[in-house]
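A.B. asks: To start, I am sharing the structure in question, which I have written as structure tokens.
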Amino acid sequence: MGATVSLTLGELAVRFGCELRGDPDTRIERVATLAGASPGSLSFLANPHYRGQLPATRASAVVLTREAAGDCPAAALVCANPYATYARIAALLHPPAPLVPGVHPRAVVAAGARIDPSAEIAPLAVIAEGASVAARCFIGPHCVLAPGVKVAEDVRLVARVTLGPGVQLGARSIVQPGAVIGGDGFGFAPESGTWLKVPQVGSVRVGADVEIGANTTIDRGAIDDTVIEEGVKLDNLIQIAHNVHIGAHTAVAANVGISGSVTIGKRCMIGGGAGFAGHLKVADDVVITGYAMVTRSIERAGVYSSAFPCEEAHAWWRLIAHFKRLGTLEGRVRRIERAAGVRAGQRQSDE
Amino acid sequence: MGATVSLTLGELAVRFGCELRGDPDTRIERVATLAGASPGSLSFLANPHYRGQLPATRASAVVLTREAAGDCPAAALVCANPYATYARIAALLHPPAPLVPGVHPRAVVAAGARIDPSAEIAPLAVIAEGASVAARCFIGPHCVLAPGVKVAEDVRLVARVTLGPGVQLGARSIVQPGAVIGGDGFGFAPESGTWLKVPQVGSVRVGADVEIGANTTIDRGAIDDTVIEEGVKLDNLIQIAHNVHIGAHTAVAANVGISGSVTIGKRCMIGGGAGFAGHLKVADDVVITGYAMVTRSIERAGVYSSAFPCEEAHAWWRLIAHFKRLGTLEGRVRRIERAAGVRAGQRQSDE
Amino acid sequence: MGATVSLTLGELAVRFGCELRGDPDTRIERVATLAGASPGSLSFLANPHYRGQLPATRASAVVLTREAAGDCPAAALVCANPYATYARIAALLHPPAPLVPGVHPRAVVAAGARIDPSAEIAPLAVIAEGASVAARCFIGPHCVLAPGVKVAEDVRLVARVTLGPGVQLGARSIVQPGAVIGGDGFGFAPESGTWLKVPQVGSVRVGADVEIGANTTIDRGAIDDTVIEEGVKLDNLIQIAHNVHIGAHTAVAANVGISGSVTIGKRCMIGGGAGFAGHLKVADDVVITGYAMVTRSIERAGVYSSAFPCEEAHAWWRLIAHFKRLGTLEGRVRRIERAAGVRAGQRQSDE
Chain A
1 MGATVSLTLG
11 ELAVRFGCEL
21 RGDPDTRIER
31 VATLAGASPG
41 SLSFLANPHY
51 RGQLPATRAS
61 AVVLTREAAG
71 DCPAAALVCA
81 NPYATYARIA
91 ALLHPPAPLV
101 PGVHPRAVVA
111 AGARIDPSAE
121 IAPLAVIAEG
131 ASVAARCFIG
141 PHCVLAPGVK
151 VAEDVRLVAR
161 VTLGPGVQLG
171 ARSIVQPGAV
181 IGGDGFGFAP
191 ESGTWLKVPQ
201 VGSVRVGADV
211 EIGANTTIDR
221 GAIDDTVIEE
231 GVKLDNLIQI
241 AHNVHIGAHT
251 AVAANVGISG
261 SVTIGKRCMI
271 GGGAGFAGHL
281 KVADDVVITG
291 YAMVTRSIER
301 AGVYSSAFPC
311 EEAHAWWRLI
321 AHFKRLGTLE
331 GRVRRIERAA
341 GVRAGQRQSD
351 E
Chain B
1001 MGATVSLTLG
1011 ELAVRFGCEL
1021 RGDPDTRIER
1031 VATLAGASPG
1041 SLSFLANPHY
1051 RGQLPATRAS
1061 AVVLTREAAG
1071 DCPAAALVCA
1081 NPYATYARIA
1091 ALLHPPAPLV
1101 PGVHPRAVVA
1111 AGARIDPSAE
1121 IAPLAVIAEG
1131 ASVAARCFIG
1141 PHCVLAPGVK
1151 VAEDVRLVAR
1161 VTLGPGVQLG
1171 ARSIVQPGAV
1181 IGGDGFGFAP
1191 ESGTWLKVPQ
1201 VGSVRVGADV
1211 EIGANTTIDR
1221 GAIDDTVIEE
1231 GVKLDNLIQI
1241 AHNVHIGAHT
1251 AVAANVGISG
1261 SVTIGKRCMI
1271 GGGAGFAGHL
1281 KVADDVVITG
1291 YAMVTRSIER
1301 AGVYSSAFPC
1311 EEAHAWWRLI
1321 AHFKRLGTLE
1331 GRVRRIERAA
1341 GVRAGQRQSD
1351 E
Chain C
2001 MGATVSLTLG
2011 ELAVRFGCEL
2021 RGDPDTRIER
2031 VATLAGASPG
2041 SLSFLANPHY
2051 RGQLPATRAS
2061 AVVLTREAAG
2071 DCPAAALVCA
2081 NPYATYARIA
2091 ALLHPPAPLV
2101 PGVHPRAVVA
2111 AGARIDPSAE
2121 IAPLAVIAEG
2131 ASVAARCFIG
2141 PHCVLAPGVK
2151 VAEDVRLVAR
2161 VTLGPGVQLG
2171 ARSIVQPGAV
2181 IGGDGFGFAP
2191 ESGTWLKVPQ
2201 VGSVRVGADV
2211 EIGANTTIDR
2221 GAIDDTVIEE
2231 GVKLDNLIQI
2241 AHNVHIGAHT
2251 AVAANVGISG
2261 SVTIGKRCMI
2271 GGGAGFAGHL
2281 KVADDVVITG
2291 YAMVTRSIER
2301 AGVYSSAFPC
2311 EEAHAWWRLI
2321 AHFKRLGTLE
2331 GRVRRIERAA
2341 GVRAGQRQSD
2351 E
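Protein chains in written order, with this note's numbering: chain A, 1 to 351; chain B, 1001 to 1351; chain C, 2001 to 2351.
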């Protein structure tokens, strides 16, 4: 939110290297969807799903590719990657609220914490001894920074973020409300039918330009650190167990669970609700589709799946019944083959 | 919790339109389960699962249907919908703690926030400029209301609820602790192997009589708002992505994930752990059973499923092995058909 | 974290009943992984997965079994349960920060709350009337204790933990940040197409030596209490609905959802992402593997599964297509049997 600004299409075209088809003096004041736009607003077309909305849009300008520009009823900002260009224009039109440098009198900051004077510490944040907050950070209300936390330049903790002992956050990272980074990992040694807590003495290192979603949890390492490399994007309600290592620029959708000591490569994309068993490795450039379960290491880039799309319930339960009879069905086929003298053929090679 | 009150069965029967079988002067002081009841308590029978517990209950009265009343060893409050009648009586016997109007001196309320004098603002709540809180609201400890938030009459934020910029909550809505409404949506544009943040400039509009569970997250819209219509009930740990629209009186169980721009109809019921791929539409009156994955739009009311009930592991892994041989098995059947001169018959129409 | 201490191998061997192979005067200052160890550190070998790292370790000592000790290039602390022994040594080397008894002036503690003088109440904790905190507890920053909460000796609420009305926590329990214990259960009575809230008047009773993970939610009971018995370990982002009962020493991994009124036995192990339908019972000593869905009661100890490991997507979608044709395939087999005069044989008994 924050105050909005107004720019001309000419300025935008020059600044973002777009080809402008339309009047360079047209003023843009806000962004809008194709369907919801009104004069003064700028829209974009990136997902072909929405192409049908282009001809009727009331936007003053649309960011789109050359291919789509012919159907555009308004001014067009033509470029190769409309979504990225839209993102840059939207950031310009809707800048974040400016920082109010300094520590709010209702924050609780230990005498030994180092707070850069250009940072803003909101009311009711709690910052412990030995924590440090670098230039231009925003530490929102109700955040907790435990001893030894290090927050690099331009980090934004929106509100109510908990950073455990020794957690490090890289520059420009953004953490949404409710995230817990550096809670104890789930480490217990079985002994005589009970569980003995294994002290979790590692921490969490998060690289630059990482985003961490609301109520996501990243556990501190058991001994060594849990590591999130630069540019990783984590959605809401994700669980990342101790000693996980996520490679640079990997994106993880909501509700994913990653078990202890899993290593995920760079530039992977993990769909919502997917799960990873412990101690496995996933190569770079792997795509895991939603709700898939990864139980073995994946050594080659590619797309991997294991979920079933839903069906009407009566059809589904019939399929389940067939599934449970699969052993019987194989036996019946085997008996027919014997009776009819048909050989199983390429069966070995198929498997 | 709060103070309890005492009522006679006669009063209850009149107030809630029940047929009373028993002494109207019997006093009821609390509610109890059939199995755990003692004299002075009122129980109910709605789920047939618990019918076996009726004959031995020690409750002073039981709310139930005419059909079940014959087996009741205590006074009976007979009605058509015992669970709803029980709910109303329980609310009367266990009223919430009365509000203490005013702003606690340890809350942090901006000068420009509008707080109705009948509302209670608990200690350590943070309310920003331009936020407004209507009559008789309870804003619990550690809640954060960002700029522009609008909370309607009689809303109850139990504790530690975060409302992002511009979020609107309808009258009588209840939000459990840890919920985050209005965090940034997961919007990133791919560019040269990295992700560029797309500003999330929409907000969240929540209708009247909505309940939102503990640690549930509802993201603000990318451009337009995310919308939760009136009467929707959301359980704990649910993820609702940007620009989702949930129709009135739909109930969603815990651990569900709903991807961006999904539209769900009115009066749907979504089972625990279910997941929705993005940009799809679900009709009114649809039931999705637990752990189902919805990957396409659903255009007709009905029940939809896609999860497998668990089996003993050795049986399960045998089934998985059969499943992975399905291509081979079809090939074997095809070869037998050819060898035996049997035609595949209705195969086309079955599929 | 906290200050570390230094101990000799001789002291450790005596204290923990290990056979020492090496110099008893060697000093140990910290723990380390086999791969990351340097002189002065102690490591351990429990998971055979890491056995290959043993010969090259630079640790000063390794805790391991007699079987593995032959390959150890450093001093060896030989014992039957190396992981448990390691846990005890790590706790000695990395003790928690000592308590600072007393109520921080920036905490908000009601006049009628009882706080043992040996407990530490951190800044911005909120403790309501009628709550009690026993000896040597740590109540971290931003915790909320509602009226009637009872916290037993040596409990540690790390930070930002919410305990609802009447919640009881047993001695030595540990709760990670963001957990919500005692939010309202998801209880709504259907009535004329809308949902009527059913007051949730029970609470949550948690036994001794329980650990509860970050952002996990445990709902208060509808009438009777939700119960977590002693020694239970709950990972992050778990949902436990109203009136669930979890038996002693059961461990539950992250992202699990347990529906209302489920009873789980003692010493069970529940894998990540598993789900339980409501009102069912699970026996003692049951193992549910990751992502399994439990839809019926389980009456015998054993291992239960229902998830599919992922495949490359094109192979997966071919399997799904075969799966959807299972009814057709069975029909084809039936027609061949008829044509060839082969009887379905043991089909009945197989099923």
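For each residue, glycine too, the CB sits at the ideal point set by N, CA and C.
My output table needs one value for arginine 1027/B: the three-state DSSP class, helix, strand or coil.
C.D. replies: If DSSP states are grouped into helix, strand and coil, arginine 1027/B belongs with the strands.
A.B. asks: Three Cβ pairs or more, each shorter than 8 Å: is that satisfied between the region 1267-1275 of chain B and the region 1238-1257 of chain B?
C.D. replies: Result yes; three or more Cβ-Cβ pairs closer than 8 Å.
A.B. asks: Suppose only complete runs of 4+ residues qualify. What are the alpha helix (DSSP H) ranges in the region 2239-2272 of chain C, listed by chain order?
C.D. replies: Runs of the alpha helix (DSSP H) inside the region 2239-2272 of chain C: none found.
A.B. asks: Check the DSSP bridge columns for glutamine 1168/B and list the partner residues they point to.
C.D. replies: Paired residues: Lys1150/B, Arg1205/B.
A.B. asks: Between arginine 30/A and glutamine 1200/B, what straight-line distance do the alpha-carbon atoms span, to the nearest angstrom?
C.D. replies: Going from the Cα of arginine 30/A to the Cα of glutamine 1200/B covers about 12 Å.
A.B. asks: Does the count of Cβ pairs from the region 1104-1114 of chain B and the region 2225-2241 of chain C closer than 8 Å reach three?
C.D. replies: The region 1104-1114 of chain B vs the region 2225-2241 of chain C: no contact.
A.B. asks: Using a cut-off of 7 Å between C-beta atoms, extract the partners of alanine 1214/B located in chain C.
C.D. replies: The contacting residues are Val2180, Gly2183, Thr2217.
A.B. asks: Leaving aside the five residues before and after serine 2349/C along the sequence, list all residues of the same chain whose C-beta is less than 7 Å from its C-beta, in chain order.
C.D. replies: Its pLDDT being 40, under 50, serine 2349/C is placed unreliably in this model, and the value from its coordinates should be taken loosely. The answer is none, since no qualifying residue turns up.
A.B. asks: Can you give me the start and stop residues for the beta strand (DSSP E) that alanine 76/A sits inside?
C.D. replies: Note, alanine 76/A: beta strand (DSSP E), 75-78.
A.B. asks: How would you list, in chain order, the residues of chain B whose beta-carbon sits under 9 Å from the beta-carbon of phenylalanine 2186/C?
C.D. replies: Those are Glu1211, Gly1213, Lys1233, Leu1234, Asp1235, Asn1236, Ala1251, Ala1253, Ala1254, listed as they occur along chain B.
A.B. asks: With a cut-off of 8 Å, do at least 3 Cβ pairs link the region 107-126 of chain A to the region 138-151 of chain A?
C.D. replies: The region 107-126 of chain A, when compared against the region 138-151 of chain A, does touch it at the 8 Å Cβ threshold.
A.B. asks: I'd like the list of long-range same chain contacts for glycine 2221/C, defined as Cβ closer than 6 Å, with 5 residues on each side in sequence excluded.
C.D. replies: Here the set comprises Gly2202, His2242, Asn2243.
A.B. asks: Could you tell me whether the Cβ of proline 1101/B comes closer than 9 Å to any Cβ of chain C?
C.D. replies: Cβ-Cβ to chain C under 9 Å: no for proline 1101/B.
A.B. asks: Are the C-beta atoms of tryptophan 2317/C and some chain B residue less than 9 Å apart?
C.D. replies: No, tryptophan 2317/C does not count as interfacial toward chain B.
A.B. asks: Candidates Ala1110/B, Pro1096/B, Lys1197/B, Gly1185/B: which alpha carbon is nearest valine 1155/B's?
C.D. replies: When only C-alpha atoms are compared, the closest one is Pro1096/B.
A.B. asks: Identify which residue in Ile336/A, Cys18/A, Ser261/A has its Cα closest to the Cα of alanine 80/A.
C.D. replies: Out of Ile336/A, Cys18/A, Ser261/A, Cys18/A has the C-alpha closest to the C-alpha of alanine 80/A.
A.B. asks: For phenylalanine 2323/C, which three-state DSSP category applies?
C.D. replies: It is helical.
A.B. asks: Buried or exposed: where does aspartate 1184/B fall if 16 or more other Cβ atoms within 10 Å of its Cβ makes it buried?
C.D. replies: Flag for aspartate 1184/B reads buried.
A.B. asks: Taking Cβ positions, are valine 151/A and glycine 182/A nearer each other than 9 Å?
C.D. replies: No, these two residues do not count as a Cβ contact at 9 Å.
A.B. asks: Between which two residues does the beta strand (DSSP E) carrying valine 1062/B extend?
C.D. replies: Counting along the chain, the beta strand (DSSP E) containing valine 1062/B begins and ends at 1061-1064.
A.B. asks: Pair every Cβ in the region 1062-1071 of chain B with every Cβ in the region 2169-2180 of chain C, then say whether three or more of these pairs are closer than 8 Å.
C.D. replies: Because the criterion of three Cβ pairs below 8 Å is not met, the region 1062-1071 of chain B and the region 2169-2180 of chain C do not touch.
A.B. asks: Closest to glutamate 311/A by C-alpha separation, out of Glu1299/B, Trp1316/B, Cys1310/B, His1322/B, would be which residue?
C.D. replies: Among Glu1299/B, Trp1316/B, Cys1310/B, His1322/B, the Cα nearest to that of glutamate 311/A is on Glu1299/B.
A.B. asks: From the DSSP output, read off the bridge partner residues of tryptophan 2195/C.
C.D. replies: Tryptophan 2195/C is bridged to Pro2190/C.
A.B. asks: Kindly list, in the order they appear in chain C, the residues whose Cβ is closer than 7 Å to that of aspartate 224/A.
C.D. replies: What aspartate 224/A touches in chain C: Thr2033, Gly2036.
A.B. asks: Considering only the alpha carbon of each residue, which of Leu2007/C, Ala2032/C, Cys2072/C lies closest to leucine 2092/C?
C.D. replies: Taking only the C-alpha atoms, the option nearest leucine 2092/C is Leu2007/C.
A.B. asks: Listed in chain order, which residues of the region 2197-2209 of chain C have Cβ atoms closer than 7 Å to some Cβ of chain B?
C.D. replies: Those residues of the region 2197-2209 of chain C that come within reach of chain B (Cβ to Cβ, closer than 7 Å) are Lys2197, Val2198, Pro2199, Val2201.
A.B. asks: DSSP on leucine 92/A, reduced to helix/strand/coil?
C.D. replies: Here leucine 92/A sits in helix by DSSP.
A.B. asks: Quick one: grab the DSSP three-state call for isoleucine 1336/B.
C.D. replies: In the structure shown, isoleucine 1336/B sits in a helix (DSSP, three-state: H, G or I).
A.B. asks: In whole angstroms, what separates the C-alpha of leucine 2034/C from that of aspartate 284/A?
C.D. replies: Spanning the two alpha carbons is a distance of roughly 26 Å.
A.B. asks: What are the boundary residues of the alpha helix (DSSP H) that valine 1014/B is part of?
C.D. replies: Segment 1009-1016, the alpha helix (DSSP H) holding valine 1014/B.
A.B. asks: Quick check on alanine 2075/C: buried or exposed, where buried means 16 or more other Cβ atoms within 10 Å of its Cβ?
C.D. replies: With 16 or more Cβ atoms within 10 Å of its Cβ, alanine 2075/C is classed as buried.
A.B. asks: Please report how far the alpha carbon of arginine 2058/C lies from the alpha carbon of alanine 2037/C, in whole angstroms.
C.D. replies: Between arginine 2058/C and alanine 2037/C, the C-alpha separation is close to 5 Å.
A.B. asks: What residue range does the beta strand (DSSP E) around serine 2231/C cover?
C.D. replies: One point to set straight first is that residue 2231/C is glycine, not serine, in the sequence displayed. Note, glycine 2231/C: premise wrong, no beta strand (DSSP E); not H, not E.
A.B. asks: Between phenylalanine 1308/B and chain C, is there a C-beta pair that is closer than 9 Å?
C.D. replies: For phenylalanine 1308/B, the answer is yes, since a Cβ of chain C falls inside 9 Å of its Cβ.
A.B. asks: Who pairs with threonine 2162/C in a beta bridge, going by DSSP?
C.D. replies: Its beta-bridge partners are Val2144/C, Val2180/C.
A.B. asks: Span of the beta strand (DSSP E) holding arginine 2021/C?
C.D. replies: Where arginine 2021/C is concerned, the enclosing beta strand (DSSP E) stretches over 2019-2021.
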